[in-house]
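Peer 1:
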Amino acid sequence: MQEYAPVKQGKVREIYDVGDNLVIVATDRISCFDVILDNEITNKGKVLTQMSEFWFDFTKDIVPNHMISTDTSDMPEFFRNEKFEGRSMLVKKLSMLPVECIVRGYITGTAWKEYVKSQTVCKTPVVPGLVESQKFPEAIFTPSTKAEIGDHDENVSYDECIDYLETRFPGKGREYASKIRDYSLAIYNKCADYARGRGIIIADTKFEFGLDEDGNIVLADEVLTPDSSRFWPADKYESGRSQESFDKQYARDWLTNNKDHSWRLPEDVTKVTIDKYISGFKMLTGRELR
Ligand SMILES: Nc1ncnc2c1ncn2[C@@H]1O[C@H](COP(=O)(O)OP(=O)(O)O)[C@@H](O)[C@H]1O
Ligand SMILES: [Mg+2]
1 MQEYAPVKQG KVREIYDVGD NLVIVATDRI SCFDVILDNE ITNKGKVLTQ
51 MSEFWFDFTK DIVPNHMIST DTSDMPEFFR NEKFEGRSML VKKLSMLPVE
101 CIVRGYITGT AWKEYVKSQT VCKTPVVPGL VESQKFPEAI FTPSTKAEIG
151 DHDENVSYDE CIDYLETRFP GKGREYASKI RDYSLAIYNK CADYARGRGI
201 IIADTKFEFG LDEDGNIVLA DEVLTPDSSR FWPADKYESG RSQESFDKQY
251 ARDWLTNNKD HSWRLPEDVT KVTIDKYISG FKMLTGRELR
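Going by the numbering used here, the first residue of the sequence shown is number 1, and it counts up by one from there.
1. Are the Cβ atoms of residue 65 and residue 58 separated by less than 7 Å?
2. At a threshold of 6 Å, does residue 152 count as lining ligand 1 (C-beta to nearest heavy atom)?
3. With DSSP run on the structure shown, which of helix, strand or coil describes residue 93?
4. Comparing alpha-carbon positions, which option in 206, 69, 219 lies nearest residue 176?
5. Is the closest heavy atom of ligand 1 to the C-beta of residue 181 under 6 Å?
6. Over the uninterrupted beta strand (DSSP E) stretch that includes residue 15, give me the two end residues.
7. Is the shortest distance between the beta-carbon of residue 38 and the beta-carbons of chain C less than 7 Å?
8. Going by C-alpha to C-alpha distance, which of 16, 249, 8 sits closest to residue 2?
9. Would you identify the three-state DSSP class for residue 111, choosing helix, strand or coil?
10. Could you pull the DSSP bridge partners for residue 212 from this structure?
11. Count the other CB atoms within 10 Å of the CB of residue 9; is the residue buried (16 or more) or exposed (fewer)?
12. Grab me the residues of residue 274's own chain with a C-beta within less than 7 Å of its C-beta, minus the 5 sequence neighbours each way, in chain order.
13. Mind listing, in chain order, the continuous alpha helix (DSSP H) runs of no fewer than 4 residues lying wholly within the region 13-68?
14. Can you name the residues that DSSP bridges to residue 106?
15. Counting Cβ pairs closer than 8 Å, one from the region 14-29 and one from the region 250-266, do we hit at least three?
16. Straight-line CA distance for residue 222 to residue 91?
17. Indicate whether the contact test is met: 3 or more Cβ pairs, each with one atom in the region 125-132 and one in the region 174-188, closer than 8 Å.
Take a look at the structure:
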């Protein structure tokens with residue numbers, strides 16, 4: 001049997017190169033306040049992978065995507081075991097566009113901080129008079145350039161996004177920028193509408209796209225997971241203040257209230273946390289976790 005080692009280990013995910021394709025594996029690691037905790041949240045990776053799988057299918061009428069299969073029997077033998085089941089995606093290897101396609105439906109986080117200072121979001125003027133967590137009149141596209149290792153991602157205006165893509169793909173900057181903007185907004189709007197009907201607000205999210213061998217733009221990475229998005233429980237939503245996050249709030253609150261935590265959660269806290277991930281998954285997808 002051929003053995004594989006990850007070509008990349010992210011905070012949460014591990015990427016394996018299997019020729020023309022990649023296997024992206026979501027682990028059970030969790031980061032809070034940008035720190036990877038000592039504990040794992042058992043099955044969290046399965047929630048992330050199976051949620052992405054659901055959304056890829058839900059949005060395939062808008063844009064093609066990289067998903068091939070989440071069934072390990074479609075993957076090399078190395079992956080056909082319990083360690084990988086339910087949490088791995090076999091995807092088409094793409095040439096990635098180095099832009100994080102952020103869509104914001106509600107004003108929160110760094111966008112809210114910037115707005116309070118300058119009435120702009122990502123350097124672009126926004127309607128006056130919004131309060132914290134308020135819904136924008138229309139969702140906005142606020143791209144950032146993907147940093148080379150060690151640098152920070154940088155927010156860019158739409159015109160800067162065109163220029164940035166143009167330097168890497170001469171003659172294509174304008175076309176690629178407008179396509180990834182339009183796809184991102186269309187996916188967000190469709191999925192946020194759907195999620196709202198199921199009791200979850202998708203406040204904002206991040207997409208990534210790549211090019212296939214024919215130069216087509218393809219939706220890649222993970223889609224609309226709690227790691228790439230802010231999910232809020234709709235029944236607790238109230239503008240004018242910050243919102244509880246669907247998945248991590250409980251763990252974050254515990255860490256805040258227990259200063260001697262040394263980045264380790266007690267078992268009952270990890271239990272409540274996974275229950276929240278799974279209940280969010282069921283609300284959104286109507287599926288059971290496998
Ligand atoms: N289909 C794909 N082909 C090639 N690269 C991909 C594909 N899907 C996702 N990626 C890349 O895989 C990597 C996933 O790594 P990740 O753990 O998110 O770390 P980071 O975002 O810090 O690079 C990202 O660089 C992402 O752009
Ligand atoms: Mg990433």
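Think of the CB as a built atom: it goes at the ideal place given N, C-alpha and C, for glycine as much as any other residue.
Peer 2: Working from what's here:
1. It is not a contact, given that the beta carbons lie outside the stated cut-off.
2. no
3. coil
4. 219
5. no
6. 13-17
7. Absent from the structure: chain C. Only one protein chain is present.
8. When the alpha-carbon of residue 2 is set against those of 16, 249, 8, the nearest one is in 16.
9. helix
10. According to DSSP, which records beta bridges pairwise, residue 212 is partnered with nothing at all.
11. When all chains shown are included, residue 9 counts as exposed.
12. 41, 42, 43, 44
13. 44-58
14. 135
15. Contact fails between the region 14-29 and the region 250-266, because fewer than three Cβ pairs, one in each stretch, are under 8 Å apart.
16. 11 Å
17. Touching, no, given that fewer than three Cβ pairs across the two stretches are closer than 8 Å.
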